[in-house]
DNA sequence: GTACGTCGTTGGATCGATCCATCCCGGCGC
DNA sequence: GCGCCGGGATGGATCGATCCAACGACGTAC
């Protein structure tokens, strides 16, 4: 390689520099990095010394160009919802970054237009900027999933293909029904019998799934659910008024909610009526948000195992991108229950 | 370009394909994309048609290799702090992604080792994976900043170089002192005179800065501050006990806190003592977290203009990476106050 | 001693966009 | 008519790592 000896210290060393220093060819250095077992021990040693002496690291752009892969994973993020307690994304993003790193991938964030969620995906895909996507906003009835599928773009969804059970793409999800069943059973075990549900509107697949967990738990003990359920928007105000109506008309002793946001609404209503959350009426939320953790009384909440979700997502990605491809269908993980004071004492 | 006519539809078109179709050379296509004003109108039109017909988008890896820039910005994220109300990062990340997109950049997330925060930076830098960094965790007394500076790595800090006022790198920060002064003045205007401060330990530059805003506001009205300040760890429990001690020993009628987490601790203490937050004792927090927004009573809080911070950060980055380089020193933005019920009524 | 297979190594070609020096062509001045 | 000028277009070289076919050295077998 004809490189000026006294080159700028800002120019990183290349594979050719290492080869020259170690007295071998470029390919041998490449093998030392990517397939060390192809080299003889002493040669490998010599090359590795040269690498560390020069502080060599492969140039990403060159590698990407040749191998047609960037080792980047695209993740679309949407704005934080102010005024709610929803903060799943934050925890998930961190777990995903951490897990991806271990698998040799980095996470590339992008934000799509609000109107056209596909725009961001399309650009990144066509410019071969990312190897795959992680799709999180499947609650809409994921147009992304089918679109990406049609483009043969590798992706893993965090969230089931609710509206298309026949979908063949890889997905990972948390069993919301199991979580709500866990929460309801927890309250039943404490002696509650009239447990109300506050969830989302009927067009939300996730909401209906979570609701079914409550419903199942109640029926398993032969308890009625009529008049005990309410479906509203995911805001504190909606939760608050729904709780008021339910308390007046159905006299529940406990609430299970589809979100911490709704549960906060319930806590508001209880306080307004002079009822003590926990002692008088038990409340359980969903997502184990920071709000649930620092509010008084502490809000019991169903916690999604987002670290595990990230591990499964990355494992699915490795299957999609690896050689040979390993098919990876759906994975359903079970959440846990974080018990705090809003669960109240044993009532028996 | 000798490309097989009936090639796989999965292979994206290249610049050479476009050139062939438009009947021009590769360079002309490149100019059409990057310097359209160099072409004659009719040629440009022809090329653009070919581009849209083929759905051409430049290959990122190839461009990166040639231009030695990836148009990626590295951002290190740390785990969410569970059990606190701190969620600044989430909002900032989204704003940064959005603003970067408008400037033609994407955000690459990475997580460093806990022990060695520089490891992640080093790898990305040496492998030329990112063009620049956004450094956020400067509260430690930013070893990153000086390290990156010594490596001549382009970066912008969100946070002042507290321990090194002579630093020459670009930074953007929010004036915490002004924020706390705003909060304190707000309470003073309501008629409070004994306003307590709960902040962080003395070794926190940010904490001392915020404290100075409270101190300044009090002294501006000739009010004493002796015995009214407390410095503790940033946890709900610490805030709670600090509030207890202050109520016993200094009888304040209002609290200004360095964080929403501490403010939540104050709310806890007030409730335990049968005092009504807002009506009996006013409380103001810092960060306008989701917790402040959904808790009861609503927690007044200082809100950092993170959207503006992102804009300034990206603008600084463009200065660093652009031609010619535009020096961009420090920018200090002023936060706003979100007034909620915990501010209480007018007391005059 | 020659032929052969293996392991390790080599130089050249390649990925796709951009940089560079050159070339073409129409217009202008003398 | 000839030479000059400049906007516009051209082909070759380049960025750095990897793929590929071929090559050298060594040991074994005949």
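Chains as they are written, first to last, in full-length UniProt numbering: chain A, 1 to 348; chain B, 1 to 348.
Note that the Cβ used here is the ideal one computed from N, Cα and C, for glycine as well.
Q: Compute the distance between the beta-carbons of residue 65 of chain A and residue 18 of chain A, then report whether it is under 8 Å.
A: For the purposes of this step, residue 65 of chain A is taken as the residue at position 65 of the first chain. For the purposes of this step, residue 18 of chain A is taken as the residue at position 18 of the first chain. Against a cut-off of 8 Å, the Cβ pair of residue 18 of chain A and residue 65 of chain A comes out as no contact.
Q. When you compare each of B:261, B:155, B:241 to residue 328 of chain B by their alpha carbons, which one comes out closest?
A. The residue labelled residue 328 of chain B in the question sits at position 328 within the second chain. Ranked by Cα distance from residue 328 of chain B, the options B:261, B:155, B:241 are led by B:155.
Q) In the structure shown, what three-state DSSP assignment does residue 307 of chain B receive? A) Reading the second chain from its first residue, position 307 is the one you call residue 307 of chain B. Assigned with DSSP and collapsed to three states, residue 307 of chain B falls in helix.
Q: Identify, in the order they occur along the chain, each residue of the same chain with its Cβ nearer than 8 Å to the Cβ of residue 118 of chain B, setting aside the five sequence neighbours on each side.
A: What you label residue 118 of chain B is simply residue 118 of the second chain in a count that begins at 1. If we look at residue 118 of chain B and ignore the five residues flanking it on each side, its Cβ neighbours are 112, 143, 144, 147.
Q. Is it buried or exposed for residue 37 of chain B, if we count other Cβ within 10 angstroms and need 16 for buried?
A. As a working note, residue 37 of chain B is residue 37 in the second chain. By the C-beta density criterion, residue 37 of chain B is exposed, having fewer than 16 other C-beta atoms within 10 angstroms.
Q. Terminal residues of the continuous alpha helix (DSSP H) containing residue 51 of chain A?
A. On the first chain, residue 51 of chain A is found 51 positions in, with the first residue counted as 1. Per DSSP, residue 51 of chain A belongs to the alpha helix (DSSP H) from 41 to 54.
**Q.** residue 134 of chain A at chain B interface by Cβ criterion, 8 Å
**A.** As a first step, residue 134 of chain A is located in the first chain; it is residue number 134 there, counting from the start. So no, residue 134 of chain A is outside the interface.
Q) If you draw a straight line from the C-alpha of residue 262 of chain A to the C-alpha of residue 283 of chain A, how long is it? A) As a working note, residue 262 of chain A is residue 262 in the first chain. As a working note, residue 283 of chain A is residue 283 in the first chain. Looking at the two C-alpha atoms, the distance is approximately 10 Å.
**Q.** chain B contacts made by the segment 67 to 78 of chain A, where a contact means CB separation under 7 Å
**A.** So the close ones are 70, 77.
Q: Taking residue 268 of chain B and residue 232 of chain B to be in contact with their CB atoms under 8 Å, please state how far apart those CB atoms are, rounded to whole angstroms.
A: Position 268 of the second chain, counting from 1, holds the residue named residue 268 of chain B. Position 232 of the second chain, counting from 1, holds the residue named residue 232 of chain B. Approximately 14 Å separates the beta-carbon atoms of residue 268 of chain B and residue 232 of chain B; this is outside 8 Å, ruling out the contact.
**Q.** Minimum Cβ-Cβ distance from residue 348 of chain A to chain B less than 8 Å
**A.** Residue 348 of chain A sits at position 348 when you count from the first residue of the first chain. Cβ-Cβ to chain B under 8 Å: no for residue 348 of chain A.
Q: Please decide whether residue 2 of chain A counts as near chain B, where near means a Cβ-Cβ distance under 8 Å.
A: Here residue 2 of chain A is taken as the residue at index 2 of the first chain, counted from 1. With a pLDDT of only 34 at residue 2 of chain A, under 50, the local geometry of the prediction cannot be trusted, and the value read off the model is given with reservation. Not an interface residue.
Q) Does residue 264 of chain B have its Cβ less than 8 Å from a Cβ in chain A? A) The count along the second chain starts at 1 and reaches residue 264 of chain B at position 264. Output row for residue 264 of chain B: interface = yes.
Q. Could one say the Cβ of residue 311 of chain B lies closer than 8 Å to chain A's Cβ atoms, at least one of them?
A. Taking the first residue of the second chain as 1, we reach residue 311 of chain B at position 311. By this cut-off, residue 311 of chain B is not an interface position.
Q. Where does the unbroken beta strand (DSSP E) through residue 336 of chain A begin, and where does it stop?
A. Here residue 336 of chain A refers to the residue found at position 336 of the first chain. Per DSSP, the continuous beta strand (DSSP E) segment holding residue 336 of chain A begins and ends at 336 to 338.
Q: Could you tell me the boundaries of the beta strand (DSSP E) in which residue 230 of chain B lies?
A: Position 230 of the second chain, counting from 1, holds the residue named residue 230 of chain B. Segment 229 to 232, the beta strand (DSSP E) holding residue 230 of chain B.
Q) Hey, would you say residue 197 of chain B sits closer than 8 Å to residue 230 of chain B, going by beta carbons? A) The sequence position of residue 197 of chain B within the second chain is 197, counting from 1. The sequence position of residue 230 of chain B within the second chain is 230, counting from 1. Against a cut-off of 8 Å, the Cβ pair of residue 230 of chain B and residue 197 of chain B comes out as a contact.
(Q) According to DSSP, simplified to helix, strand and coil, what is residue 108 of chain B? (A) Residue 108 of chain B sits at position 108 when you count from the first residue of the second chain. In this structure, residue 108 of chain B counts as strand in the three-state DSSP scheme.
Q: Evaluate residue 312 of chain A with the Cβ neighbour count: other Cβ atoms within 10 Å of its Cβ, from every protein chain shown; 16 or more gives buried, anything less gives exposed.
A: Sequence index remark: in the first chain, residue 312 of chain A carries index 312 (1-based). Residue 312 of chain A comes out buried.
Q) Taking only beta-carbon atoms, is residue 295 of chain A less than 8 Å away from chain B? A) Working through the first chain from its first residue, we reach residue 295 of chain A at position 295. At least one chain B Cβ lies under 8 Å of residue 295 of chain A.
Q.
Within 10 Å of its beta-carbon, does residue 325 of chain B have 16 or more other beta-carbons around it, so buried, or fewer, so exposed?
A. Numbered from its first residue, the second chain carries residue 325 of chain B at position 325. Exposed, because fewer than 16 other Cβ atoms sit within 10 Å of the Cβ of residue 325 of chain B.
(Q) Please report the distance separating the alpha-carbon of residue 280 of chain A from that of residue 210 of chain B. (A) The residue given as residue 280 of chain A occupies position 280 in the first chain. The residue given as residue 210 of chain B occupies position 210 in the second chain. Residue 280 of chain A and residue 210 of chain B: Cα-Cα distance of roughly 40 Å.
Q.
Considering only the alpha carbon of each residue, which of A:56, A:259, A:124 lies closest to residue 287 of chain A?
A. Stepping through the first chain from its first residue, residue 287 of chain A is reached at position 287. The residue among A:56, A:259, A:124 with its C-alpha nearest the C-alpha of residue 287 of chain A is A:259.
**Q.** Contact list for the segment 35 to 63 of chain A against chain B, Cβ threshold 9 Å
**A.** Listed in chain order, the positions of the segment 35 to 63 of chain A with a beta carbon within less than 9 Å of a beta carbon of chain B are 55, 56, 57, 58, 59, 60, 61, 62, 63.
Q.
Using a Cβ-Cβ cutoff of 8 Å, what residues of the segment 11 to 32 of chain A are near chain B? List them in chain order.
A. Residues passing the 8 Å Cβ filter: 12.
Q) Who are the Cβ neighbours of residue 30 of chain A in its own chain at under 7 Å, not counting the five residues just before and after it? A) Locating residue 30 of chain A in the first chain gives position 30, counting from the first residue. Correct list, in chain order: 15.
(Q) Quick check on residue 234 of chain A: buried or exposed, where buried means 16 or more other Cβ atoms within 10 Å of its Cβ? (A) Locating residue 234 of chain A in the first chain gives position 234, where the first residue counts as 1. Buried is the call here.
Q: In angstroms with no decimal places, state the Cα-to-Cα distance between residue 293 of chain B and residue 34 of chain B.
A: In the second chain, counting from the first residue as 1, residue 293 of chain B sits at position 293. In the second chain, counting from the first residue as 1, residue 34 of chain B sits at position 34. C-alpha of residue 293 of chain B to C-alpha of residue 34 of chain B: approximately 46 Å in a straight line.
Q: Have a look at the DSSP bridge pairing and note the partners of residue 257 of chain B.
A: The count along the second chain starts at 1 and reaches residue 257 of chain B at position 257. DSSP lists B:198 as partners of residue 257 of chain B.
Q. Within 8 Å (strictly less), CB to CB, does residue 6 of chain B reach chain A?
A. In the second chain, residue 6 of chain B corresponds to position 6, counting from 1. Its pLDDT being 36, under 50, residue 6 of chain B is placed unreliably by the model, and nothing is read from it.
Q: Could you tell me whether any Cβ in chain B is nearer than 8 Å to the Cβ of residue 155 of chain A?
A: Your numbering for residue 155 of chain A matches position 155 in the first chain. Using beta-carbon distances, residue 155 of chain A does not count as an interface residue toward chain B, since no partner is under 8 Å.
Q) Start and end of the alpha helix (DSSP H) containing residue 149 of chain B? A) If you number the second chain from 1, residue 149 of chain B lands on position 149. It spans 143 to 150 - the alpha helix (DSSP H) in which residue 149 of chain B sits, taken as one unbroken run.
Q) Is the CB of residue 341 of chain A under 8 Å away from at least one CB in chain B? A) By one-based count along the first chain, residue 341 of chain A stands at place 341. False, the Cβ-Cβ gap to chain B never drops below 8 Å.
(Q) In whole angstroms, give me the CA-to-CA distance for residue 338 of chain A and residue 47 of chain A. (A) Within the first chain, numbered from 1, the residue matching residue 338 of chain A stands at position 338. Within the first chain, numbered from 1, the residue matching residue 47 of chain A stands at position 47. The alpha-carbon atoms of residue 338 of chain A and residue 47 of chain A are separated by roughly 53 Å.
Q.
If we require 3 or more residues per run, which beta strand (DSSP E) segments fall completely within the segment 154 to 179 of chain B?
A. Scanning the segment 154 to 179 of chain B from its first residue to its last, the whole beta strand (DSSP E) runs of 3-plus residues come out as 155 to 158, 170 to 174.
Q) Nearest-angstrom Cα distance between residue 248 of chain A and residue 77 of chain A? A) Start at 1 with the first residue of the first chain, and residue 248 of chain A comes out as number 248. Start at 1 with the first residue of the first chain, and residue 77 of chain A comes out as number 77. So the two alpha carbons sit approximately 40 Å from each other.
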